[in-house]
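J.: For what it's worth, the working numbering labels the leading residue of the sequence shown as 68, then goes sequentially.
One structure, as structure tokens, below. Some questions next.
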Amino acid sequence: LVLEAASGEYRGMLTFDGQSYPVTAMAAGPSLTGSFAVGNERYPFEAQLEGEVLVLVSGGNVYRLGRQATGNPLAGGAAATERPVGSAEGLSGRWSCQSGEGPASLEFVSPTRLLYDGQPLDYQLGEGVLTVSTEWGPMDYRFELAGDELQIAGADGTSLTCGRGAPAAQVPGAMAGGTGLERHLRGLVCSYSASPDGGFSTQHLLDFDGQGRVWYGVETAWDVPETTGISRNWDNGENVGTYQVMGVNRGDAIHVQFRTSSGTARVVTVEGGEITELFLEGPNRHYSKRLCP
68 LVLEAASGEY RGMLTFDGQS YPVTAMAAGP SLTGSFAVGN ERYPFEAQLE GEVLVLVSGG
128 NVYRLGRQAT GNPLAGGAAA TERPVGSAEG LSGRWSCQSG EGPASLEFVS PTRLLYDGQP
188 LDYQLGEGVL TVSTEWGPMD YRFELAGDEL QIAGADGTSL TCGRGAPAAQ VPGAMAGGTG
248 LERHLRGLVC SYSASPDGGF STQHLLDFDG QGRVWYGVET AWDVPETTGI SRNWDNGENV
308 GTYQVMGVNR GDAIHVQFRT SSGTARVVTV EGGEITELFL EGPNRHYSKR LCP
């Protein structure tokens, strides 16, 4: 459930069992009261945040997990009171992760949809297995959940260590042994991608201060029938780091260091002594000032 404040109320999208429904709601503390649209019909709901679980009440029933339904997708059938094997209840919400490529964000937005670094992906849960639908087909990842710690490992070599509410990293003002060339890389550079249907888009952002410190962020936007919105991830201490500029010619290295990971970018374009484009190795992402909003 993704909501944004709009004219004294909240508007957004409820994604349930792979389907999305426009939502309007009012908030009072941890409680929500509102309705969602299915075609030309609207269905009321109430929601209460209980720890890490958002409990939805609609059609006279209480739901803590996803259900298959028609018409009102939250109405009909017996209420679910226990979390069975394969429920996304314990995983729901946003996670701050570290991978071999650096900081990453992971958010389980519904029982069948997640966002990885802002990219929407469908998934299914089994006994300790997360099956993600990718452009190369379904991929299985083993996971272990212990309280607020989540470990994910895949046969493709992917390894993620995730936590909720990670403390802010203490980052010095500049990377030790700075070259003095950091002033040539200042401000935002951005990378952009979009889903084939254009309904979702993701922008990765690196913000350099010109003195050796860098911030990493992700913005995910959606534009589907009856609603639009944007989700930003800039407030995580894991996303603050330092950088070194080794040269200002094409192909020269830029070393980036975050709290528990590091990476290397290459200079692509320099204009008037300012680095305006770079290529980040590892995730193979092209960043440019021209791609920023």
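Glycine residues also receive a C-beta, built at the ideal position from the N, C-alpha and C atoms.
With a Cβ-Cβ cutoff of 9 Å, do V334 and L347 count as a contact?
T.: Cβ atoms of V334 and L347: not closer than 9 Å.
J.: Considering only their Cβ atoms, is the gap separating Y259 from L158 smaller than 9 Å?
T.: Against a cut-off of 9 Å, the Cβ pair of Y259 and L158 comes out as no contact.
J.: Going by C-alpha to C-alpha distance, which of R280, E249 and R317 sits closest to V307?
T.: Checked all of R280, E249 and R317; the closest Cα to V307 is R280.
J.: Would you report the Cα separation of Q191 and E338, rounded to the nearest angstrom?
T.: About 47 Å.
J.: Kindly provide the ranges of any beta strand (DSSP E) runs that are 3 or more residues long and lie completely inside the segment 149-232, ordered along the chain.
T.: Runs found: 160-166, 169-175, 180-183, 186-192, 196-201, 204-213, 216-221 and 226-230.
J.: With DSSP collapsed to three states, give me the class of L248.
T.: It is coil, neither helix nor strand.
J.: What did DSSP end up calling R357 once you bin it into helix, strand or coil?
T.: It is helical.
J.: Find the nearest neighbour of L182 within the set N107, E108, D207 and S163, judged by alpha-carbon distance.
T.: When each option's Cα is compared against that of L182, the closest is S163.
J.: Return the bridge partner residues of D276 from the DSSP annotation.
T.: DSSP lists R253 as partners of D276.
J.: Counting along the chain, where does the beta strand (DSSP E) carrying E344 start and finish?
T.: Taken as a continuous stretch (DSSP letters only), the beta strand (DSSP E) holding E344 covers E341 to L347.
J.: With a threshold of 6 Å on Cβ separation, who are the neighbours of Y208 within its own chain once the five nearest residues in sequence on each side are excluded?
T.: Cβ neighbours of Y208 beyond the five flanking positions: L197, I219 and G221.
J.: By how many angstroms is the C-alpha of P111 removed from the C-alpha of S125?
T.: One C-alpha to the other measures close to 6 Å.
J.: How would you call S172, buried or exposed, if buried means at least 16 neighbouring beta carbons within 10 angstroms?
T.: Burial call: buried.
J.: For L227 versus Q165, is the C-beta distance shorter than 9 Å?
T.: For L227 and Q165, yes; Cβs fall inside 9 Å.
J.: Would you call T100 buried or exposed, if buried means 16 or more other Cβ atoms sit within 10 Å of its Cβ?
T.: That one is exposed.
J.: Tell me which residue opens and which closes the beta strand (DSSP E) that G318 is part of.
T.: Premise fails: G318 is in no beta strand (DSSP E) and is neither H nor E.
J.: Using the rule of at least 16 other Cβ atoms within 10 Å of the residue's Cβ for burial, across every protein chain shown, is E447 buried or exposed?
T.: In the structure as shown, the chain starts at 68 and stops at 360, and residue 447 therefore has no counterpart that could be examined.
J.: In whole angstroms, give me the CA-to-CA distance for V199 and H251.
T.: Using only the alpha carbons, I get a separation of about 40 Å.
J.: Among Q278, L255, S98 and R161, which has the Cα closest to the Cα of G230?
T.: Of the candidates Q278, L255, S98 and R161, the one whose C-alpha sits nearest the C-alpha of G230 is R161.
J.: Using 10 angstroms around the beta-carbon of L273, count the other beta-carbons present and answer buried if the total reaches 16, otherwise exposed.
T.: Buried.
J.: Is it buried or exposed, L217, if we count other Cβ atoms within 10 angstroms and call 16 or more buried?
T.: L217 is buried by the Cβ-count criterion.
J.: By the DSSP assignment, the beta strand (DSSP E) with G308 in it spans what residues?
T.: Note, G308: beta strand (DSSP E), V307 to V312.
J.: For G79, does the three-state DSSP call read helix, strand or coil?
T.: Here G79 sits in strand by DSSP.
J.: Pull up the distance between the alpha-carbon of T343 and that of V256, whole angstroms please.
T.: Spanning the two alpha carbons is a distance of roughly 7 Å.
J.: Assuming H322 and T331 form a contact by the criterion Cβ under 8 Å, report the distance between their Cβ atoms to the nearest whole angstrom.
T.: Their Cβ separation, rounded to whole angstroms, is 6 Å, which keeps H322 and T331 in contact under 8 Å.
J.: Just the Cα atoms here: how many angstroms apart are G349 and G247?
T.: Distance between the alpha carbons of G349 and G247 is about 25 Å.
J.: Grab the span of the beta strand (DSSP E) containing F325 for me, first residue to last.
T.: F325 -> no beta strand (DSSP E), and no H or E assigned at all.
J.: What are the boundary residues of the beta strand (DSSP E) that G101 is part of?
T.: Its beta strand (DSSP E) spans residues S98 to V105.
J.: Assuming E76 and T91 are in contact, meaning their beta carbons sit under 8 Å apart, how far apart are those beta carbons, in whole angstroms?
T.: That pair is a contact at about 6 Å.
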